[in-house]
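K.L.:
Supplied in C-alpha cells, the structure appears directly below.
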Amino acid sequence: MTLFTTRATDSTHTPSAARAALRSAAVPLLAGVLTLGCLTAWTATGNAGTPPRLRVTDGRILTASNTEVTAAFFTISNTGTTPDELTGVTGPAGLRAMVGRDVEVAEGAHRMEMAGAVTVPARGELRMAPTGVDVMVSPPPRLAPGDRLTFTLHFRDSGPVTVEAVAVRPGQLRP
Numbered sequence: 492m493t494l495f496t497t498r499a500t501d502s503t504h505t506p507s508a509a510r511a512a513l514r515s516a517a518v519p520l521l522a523g524v525l526t527l528g529c530l531t532a533w534t535a536t537g538n539a540g541t542p543p544r545l546r547v548t549d550g551r552i553l554t555a556s557n558t559e560v561t562a563a564f565f566t567i568s569n570t571g572t573t574p575d576e577l578t579g580v581t582g583p584a585g586l587r588a589m590v591g592r593d594v595e596v597a598e599g600a601h602r603m604e605m606a607g608a609v610t611v612p613a614r615g616e617l618r619m620a621p622t623g624v625d626v627m628v629s630p631p632p633r634l635a636p637g638d639r640l641t642f643t644l645h646f647r648d649s650g651p652v653t654v655e656a657v658a659v660r661p662g663q664l665r666p
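Numbering (this note's numbering), first residue to last: 492 to 666.
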C-alpha cells in the first residue's frame with residue numbers, strides 16, 4: 492500500500508500567512524476596543540450629556556375672578572444637561588387645561604394664546620407667571636383658598652409628571 496502525503500504549497504497555509512491574517516484582524520479589533528474604551532470614559536465623566544431630570548414644584552391655581560378662565564402656575568426645574576419640552580397638560584375631569592402664553596397685543600394690552608411646546612432649559616428652570624407661560628383652565632372651578640387640584644404635565648422626553656396646585660387668591664402666587 493502506498494501512502495501519499497501532500498505538502499501544502501499554498502501560501503495561505505504557512506505559519507507566516509497565519510500570522511499576517513491574525514495581524515490584519517487584530518488592527519480593526521484593537522481600534523474597536525480602543526474606541527469603546529474612549530466612549531465609555533467620555534460618558535462616565537458626563538460629557539455625553541445626561542437626560543432631562545425634571546422636578547415640578549410651587550403649584551398654584553388662582554381662585555376664579557371671572558367665569559371664563561383661570562390660570563395655574565408651576566416651577567419646572569431641570570438638573571439634566573439636555574433640555575426638555577412641556578408639550579401639554581391634563582387637568583381634573585370636566586376641566587379643560589392647556590399651556591398658554593401671555594402676549595402683548597398693544598402697549599399695556601395683553602391676551603392669552605395657546606403656547607404649544609415650551610422649552611425647559613438644561614440645568615435651568617421654567618417659572619410660570621401671569622405675564623409669561625401658564626396653564627389656562629376653563630371653565631374655572633369653584634375653589635376656596637387652600638383647595639387642591641391635580642394636574643398632569645406632559646413632556647417630550649421625560650414623560651408625564653403629576654402634581655398638585657393649591658388654590659390662592661390673585662396677588663398671592665408666591666408659595
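Cβ atoms here follow ideal geometry from the backbone N, Cα and C, with glycine treated the same way.
Taking the straight line between their C-alpha atoms, what separation do you get for Ala-619 and Thr-531?
P.N.:
In the sequence shown, residue 619 corresponds to position 128, counting from 1. In the sequence shown, residue 531 corresponds to position 40, counting from 1. Correcting the residue type first, residue 619 is Met in the shown sequence and not Ala. Cα-Cα distance, rounded: 38 Å.
K.L.:
Just verifying my parser: in three-state terms, what is the DSSP assignment at Leu-640?
P.N.:
Reading the sequence shown from its first residue, position 149 is the one you call residue 640. Looking at Leu-640 - three-state DSSP - the assignment turns out to be strand.
K.L.:
Measure the beta-carbon distance from Ala-588 to Phe-646 and round it to whole angstroms, keeping in mind my assumption that it falls under 8 Å.
P.N.:
Locating residue 588 in the sequence shown gives position 97, where the first residue counts as 1. Locating residue 646 in the sequence shown gives position 155, where the first residue counts as 1. 15 Å between Cβ atoms; not a contact.
K.L.:
Which of helix, strand or coil does DSSP assign to Arg-478?
P.N.:
Summary: the structure shown does not reach residue 478, with the chain confined to residues 492 through 666, and so no result is reported for it.
K.L.:
Can we say the stretch 545-556 touches the stretch 614-634, given the rule of at least three CB pairs closer than 8 Å?
P.N.:
Short answer: they touch.
K.L.:
Asp-625 lies in the beta strand (DSSP E); which residues open and close that run?
P.N.:
In the sequence shown, the residue the question calls residue 625 occupies position 134. 624-629 is the span of the beta strand (DSSP E), which, as asked, contains Asp-625.
K.L.:
Val-547: buried (16+ other C-beta within 10 angstroms of its C-beta) or exposed?
P.N.:
Walking along the sequence shown from the start, residue 547 turns up at place 56. Answer is buried; the Cβ neighbour count reaches 16.
K.L.:
Look at the alpha carbon of Phe-565 and the alpha carbon of Arg-592, and state the distance between them as a whole number of angstroms.
P.N.:
For the purposes of this step, residue 565 is taken as residue 74 along the sequence shown, with counting starting at 1. For the purposes of this step, residue 592 is taken as residue 101 along the sequence shown, with counting starting at 1. Their Cα atoms are separated by approximately 13 Å.
K.L.:
With the cut-off set at 8 Å, would you say Met-627 and Ala-562 are in Cβ contact?
P.N.:
To locate residue 627, count along the sequence shown from 1; it is residue 136. To locate residue 562, count along the sequence shown from 1; it is residue 71. Yes; because the gap between Cβ atoms is below 8 Å, this pair is in contact.
K.L.:
Could you tell me the distance, in whole angstroms, from the CA atom of Asn-569 to the CA atom of Leu-617?
P.N.:
Walking along the sequence shown from the start, residue 569 turns up at place 78. Walking along the sequence shown from the start, residue 617 turns up at place 126. Rounded to whole angstroms, Asn-569 to Leu-617 spans 8 Å at the Cα level.
K.L.:
Quick one: residues in its chain with C-beta nearer than 8 Å to the C-beta of Gly-637, no 5 flanking neighbours on either side, listed in chain order?
P.N.:
The residue given as residue 637 occupies position 146 in the sequence shown. So the list reads Val-657 and Ala-658, once near-sequence residues are dropped.
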